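So the sequences go chain by chain: A and B. Each residue of the first sequence is one higher than the one before, counting from 1 in full-length UniProt numbering. Each residue of the second sequence is one higher than the one before, counting from 1 in full-length UniProt numbering. Just below is one structure, and these are the notes that go with it.
2 protein chains.
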Amino acid sequence: MNANHAQNASRIYTINELSEIYDITPRTLRHYEDMGLLSPERRGNQRLYRERDRVRLQLILRGRRLGFGLSEIQEMLNLYDADPTEVTQLQDVIRRGDVKLRELQSQVEELQTIMAEMTELRMTMQRRLEQILLRGE
Amino acid sequence: MNANHAQNASRIYTINELSEIYDITPRTLRHYEDMGLLSPERRGNQRLYRERDRVRLQLILRGRRLGFGLSEIQEMLNLYDADPTEVTQLQDVIRRGDVKLRELQSQVEELQTIMAEMTELRMTMQRRLEQILLRGE
DNA sequence: TCGCAAATTTCCGTTTACGTAAACGGCCAG
DNA sequence: CTGGCCGTTTACGTAAACGGAAATTTGCGA
């Protein structure tokens, strides 16, 4: 029961399994590897993806949906990989993380600006529509 | 005083003025025109950008910063241009606007997920840093 | 009316993020 | 031992969003 317990968490995925789970092509996974975003182990020359890789992939895809470039995503991933014994690296990660956080915050604000504009537009259209429908009665 | 009053709001921009204001190249403005996102008037064949064009440009650039493609941005701009007398068009605009709004909302949520993760990471790093510094004393 | 700077058009080049096809290797079932 | 399937590498292709340079065209001042 103890040996079996870890089985779920340390599951290993093939490239096809992972690509199906996240609805991307194997090519995309290999591409991310070429770009240095993932580095799965190998059995022979087959790729073996662990949980760690899967989590990183989630982050990559989330970043992609938000319009970040792969190199930008790599920067963010690097924050997670810093050597936790080097003081200067830790400080650097914190600083760069803060910068990213501010960027993200301003993105949220821009999104909310757009949403407010669209909501206003929606209300205008709605009013027009109702007036036209009322006149039609 | 009355004739002068509108001057500010109906200011006319050349392509170079507008490109400098928004820190983009004239080439980019022409590109947006080729893609149908802008359609400034002409004096001869010089482009004359009005307030309307400037506002549209702002929306375009904002969308671009958020990772939207130009065709997607065009869809959003079209929402602003719909014929406000046609009932079916109004209904269509409202529907498509609602879809967009939901997409935007989920983007905001994903951004906030990333921000939460980074904040957590930051706290972890901060603790590690402090522990190392304390041991150093 | 001439000339020249400024703006325009045209076309090819570039980057990013993969798609796609070709050719090959390993392994297991029949 | 031969498909068939999964996986790999290599290499060229492509769509989007411009950049850059060359070759006009236009407008305006001397």
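Quick reminder that beta carbons are idealized off the backbone N, C-alpha and C, glycines included. Predicted model only: the values in this text are computed from it and were never measured.
- One alpha carbon belongs to B/L70, the other to B/H31, and they sit about 10 Å apart.
- Around the C-beta of A/S19, 16 or more other C-beta atoms lie within 10 Å, and the residue is accordingly described as buried.
- Beta-bridge partners of A/Y22 (DSSP): none assigned.
- The beta carbon of A/G44 does not come within 8 Å of any beta carbon belonging to chain B, so the residue lies off that interface.
- Checking the DSSP bridge columns, you'll see A/E110 has no partner listed.
- Classified as buried, A/P40 has 16 or more neighbouring CB atoms from the shown chains inside 10 Å of its CB.
- Listed in chain order, the non-local C-beta contacts of B/E117 below 7 Å within the same chain number zero, local neighbours out to five positions each way being set aside.
- The C-beta distance from B/M125 to A/L90 rounds to 5 Å, short enough to meet the 8 Å contact threshold.
- Annotation for B/E109: no residue places its beta carbon closer than 8 Å to its own, counting only its chain and skipping 5 residues before and after.
- Taken atom to atom, the span from the alpha-carbon of A/L129 to that of B/N78 is near 17 Å.
- If you look at B/E41, you'll find it in the beta strand (DSSP E) that goes 41-43.
- Put simply, of A/D92, A/N16, A/E86, A/M115 the residue whose alpha carbon is nearest the alpha carbon of A/R47 is A/N16.
- In the DSSP assignment, A/Y13 is bridged to A/Y49.
- Here A/E33 has S39, P40, R47 as same chain residues with Cβ atoms under 8 Å from its own Cβ, once five neighbours each way along the sequence are excluded.
- Here A/R56 is buried, its C-beta having at least 16 other C-beta atoms within 10 Å.
- Taking 9 Å as the cut-off between beta carbons, the residues of the stretch 111-129 of chain A near chain B are L111, Q112, T113, I114, M115, E117, M118, T119, L121, R122, T124, M125, Q126, R128, L129, in sequence order.
- Counted as a single uninterrupted DSSP element, the stretch harbouring A/M35 is not any alpha helix (DSSP H), since DSSP gives it neither H nor E.
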